[in-house]
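Encoded as structure tokens, the structure appears first; notes follow it.
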Amino acid sequence: MDVSRRGWLGLAGAAASTQASAITIRQIAVDSTGFAPAPGIAHLKYNENPLGPPASAMEAMAALARSNWYYADDAEARLAAMIGKRLGVPAAQVVLGHGSSEVITSAALAWGKRGTILLPALQFDEPLLYPMAQGLSYRLVAMAPDLGIDLAALARAAAAPDVAMVYLCNPNNPTGMMLKPAELVAFAKALPPRVTLLVDEAYMELADDPAASTMLPLVQGGANIIVTRTFSKLFGMAGLRIGYAVALPANAAELKRHRLTISLNAPGLAAAIAAWDDAPFQQQSRTQIMAARRVLQAAVTKAGTTALPSQTNFLFVKVANADRFAAAMAQRGILVRGAWGPAWPLWSRVSTGRMIDVERYAAALPALVQA
Ligand code: PLP
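Per my numbering, residue 1159 is the first one in the sequence shown, and the count goes up by one each step.
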């Protein structure tokens, strides 16, 4: 199969950077639904993309709303085929979900029947909450001193005979940090064959070098790895709930068996099909996220503190007390994350929201960093 390096980028086509003038971002209208953050609120809390979906996706959803409301099986097949084509795997190896959360939850339900799931202690773990409520056996592995994922510790823990899966996010949330690709590849190759590796690449399209960092080529090469991706970040579609996994045929079939029935929604699929090939939008989205991240990074430096090296749409910022800091920011109408847990009281996560909101955060940071 002919897979170009660009294919792995998740950015469609060679013309992405040269067509940046072909604006495909729609103007955000005044919110008449009440779903958006209230006026005056800087919503920098959940790593969404303030651009929303491209105009092409808006048009696709409007056309759908005018024309049909059937179950979306054909649309699901079409999107899986499009993703498979770009990523160099057959459509049967692409498993769509109600957000990538659904496929991660499905993986935990399926592999949880076989044994224990290992995950780094400081990581986005929401997709495991439902499996945990069903009695999932899981084990947290301590972070490295720099708050990176400790692959050596994970490898040691994975040697235990009850381990069925290692689940990690790369880049990680909430740290934003990326593992060194060669180290992750070596880790993956050294895992016992009974252990499946799930790499959540929700933010991979925002990485410095996605092509060099993704584990997709290993899946294509037959490795026992599940890679998950989402339309919620680069594509601006968090509320539309479309994500996917790429996995070996047997693993893909196992994921499908553990998905909810008929969980995919037609508007989300219509938008994803349109956005997938909208290269200019993807380029603009990435550019705007990077611009907002630079403003945040400069503000952190100016405020005399530090943030972990991020390859995502958020920063993990060191403050005197993350809960007090988040409360003080909230008093100014700026919503960021407090402490991720008792073990990390000094770190607050901030997302790259609208530039006007990011600038408010930047202006407030120096006075509050010691709050
Ligand atoms: N994975 C990671 C690392 C995330 O940070 C998030 C959401 O913030 C998700 C998955 C969930 O994404 P989705 O909207 O595709 O369910």
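C-beta atoms are modelled at their ideal positions from N, C-alpha and C, and glycine is treated no differently.
For ligand 1, is there a heavy atom less than 8 Å away from the beta-carbon of residue i?
| i | result |
| --- | --- |
| Ser1506 | no |
| Thr1372 | no |
| Gly1401 | yes |
| Glu1363 | no |
| Asp1367 | no |
| Phe1393 | no |
| Asn1207 | no |
| Gly1257 | yes |
| Ser1565 | The requested residue 1565 is not part of the displayed model; the chain covers only 1159 to 1529. |
| Glu1217 | no |
| Asn1409 | no |
| Phe1282 | yes |
| Ile1275 | no |
| Tyr1204 | yes |
| Ala1316 | no |
| Asp1358 | yes |
| Pro1425 | no |
| Thr1510 | no |
Within 10 angstroms of its Cβ, does residue i collect 16 or more other Cβ (buried), or is it exposed?
| i | result |
| --- | --- |
| Leu1305 | buried |
| Trp1498 | buried |
| Tyr1229 | exposed |
| Lys1338 | exposed |
| Thr1263 | buried |
| Asp1320 | exposed |
| Gly1462 | exposed |
| Thr1459 | exposed |
| Gln1292 | exposed |
| Gly1198 | exposed |
CA-CA distance, residue i and residue j?
| i | j | result |
| --- | --- | --- |
| Glu1217 | Pro1375 | 33 Å |
| Asn1328 | Ala1318 | 23 Å |
| Thr1191 | Pro1278 | 38 Å |
| Val1516 | Ala1403 | 32 Å |
| Arg1335 | Arg1224 | Per the sequence presented here, residue 1335 reads as Met, with Arg not at that position. Distance between the alpha carbons of Met1335 and Arg1224: 43 Å. |
| Val1475 | Ala1521 | 15 Å |
| Gln1441 | Asp1231 | 29 Å |
| Leu1342 | Asn1226 | 45 Å |
| Met1323 | Lys1347 | 14 Å |
| Lys1391 | Ser1468 | 15 Å |
| Arg1244 | Ala1215 | 19 Å |
| Pro1195 | Ala1484 | 17 Å |
| Glu1206 | Met1290 | 25 Å |
| Ser1179 | Ala1300 | Residue placement at Ser1179 is poorly supported in this model, since its pLDDT is 43, which falls under 50; the coordinates are not used for a value here. |
| Ala1268 | Thr1354 | 11 Å |
| Leu1254 | Glu1234 | 7 Å |
| Gly1242 | Leu1222 | 24 Å |
| Tyr1489 | Gly1511 | Per the sequence shown, residue 1489 should be read as Gln rather than Tyr. Taking the straight line from one Cα to the other gives about 18 Å. |
| Thr1464 | Met1373 | 29 Å |
| Gln1533 | Thr1470 | For the chain, the structure presents residues 1159 to 1529; residue 1533 sits outside this window and is missing. |
| Thr1274 | Ala1316 | 9 Å |
| Leu1312 | Met1219 | 43 Å |
With distances taken from CA atoms, which of the options is nearest residue i?
| i | options | result |
| --- | --- | --- |
| Ala1501 | Trp1227, Ala1235 and Leu1298 | Leu1298 |
| Glu1363 | Arg1387, Val1357 and Gly1379 | Arg1387 |
| Lys1414 | Ser1258, Asp1189 and Pro1211 | Ser1258 |
| Lys1271 | Ala1411, Leu1526 and His1416 | His1416 |
| Thr1340 | Ala1488, Asp1189, Ser1371 and Pro1285 | Contrary to the premise, residue 1340 reads as Ala rather than Thr in this sequence. Among Ala1488, Asp1189, Ser1371 and Pro1285, the Cα nearest to that of Ala1340 is on Ser1371. |
| Asn1382 | Phe1345, Ala1369 and Val1453 | Phe1345 |
| Leu1477 | Ala1437, Leu1526, Leu1454 and Ala1220 | According to the sequence provided, residue 1477 is Val. The question's Leu does not apply to it. It is Leu1526 whose Cα lies nearest to the Cα of Val1477. |
| Pro1368 | Phe1439, Leu1326, Arg1444 and Ala1316 | Arg1444 |
| Ala1480 | Arg1495, Ala1396, Thr1470 and Gly1293 | Arg1495 |
| Tyr1296 | Val1247, Asp1358, Asp1366 and Leu1276 | Leu1276 |
| Val1385 | Leu1504, Phe1439, Gln1446 and Tyr1325 | Tyr1325 |
| Ala1433 | Ser1421, Phe1393 and Arg1352 | Phe1393 |
| Arg1518 | Phe1193, Val1188, Asp1358 and Ala1200 | Ala1200 |
| Phe1193 | His1256, Pro1351, Ala1396 and Leu1504 | Ala1396 |
| Ala1365 | Met1513, Val1508, Ala1456 and Met1448 | Met1448 |
| Ala1424 | Ile1400, Arg1452, Asp1436 and Gly1491 | Ile1400 |
Quick test of your reading: residue i and residue j, contact by CB under 8 Å. State the CB separation rounded to the nearest angstrom.
| i | j | result |
| --- | --- | --- |
| Leu1237 | Leu1427 | 6 Å |
| Leu1493 | Lys1203 | 4 Å |
| Leu1356 | Gly1380 | Their Cβ separation, rounded to whole angstroms, is 16 Å, which puts Leu1356 and Gly1380 out of contact at 8 Å. |
| Ala1250 | Ala1410 | 6 Å |
| Pro1211 | Ala1429 | 5 Å |
| Ala1302 | Pro1285 | That pair is no contact at about 23 Å. |
Using a Cβ-Cβ distance under 9 Å, would residue i count as near chain C?
| i | result |
| --- | --- |
| Gly1334 | No chain C appears in the structure shown, which is made up of a single protein chain. |
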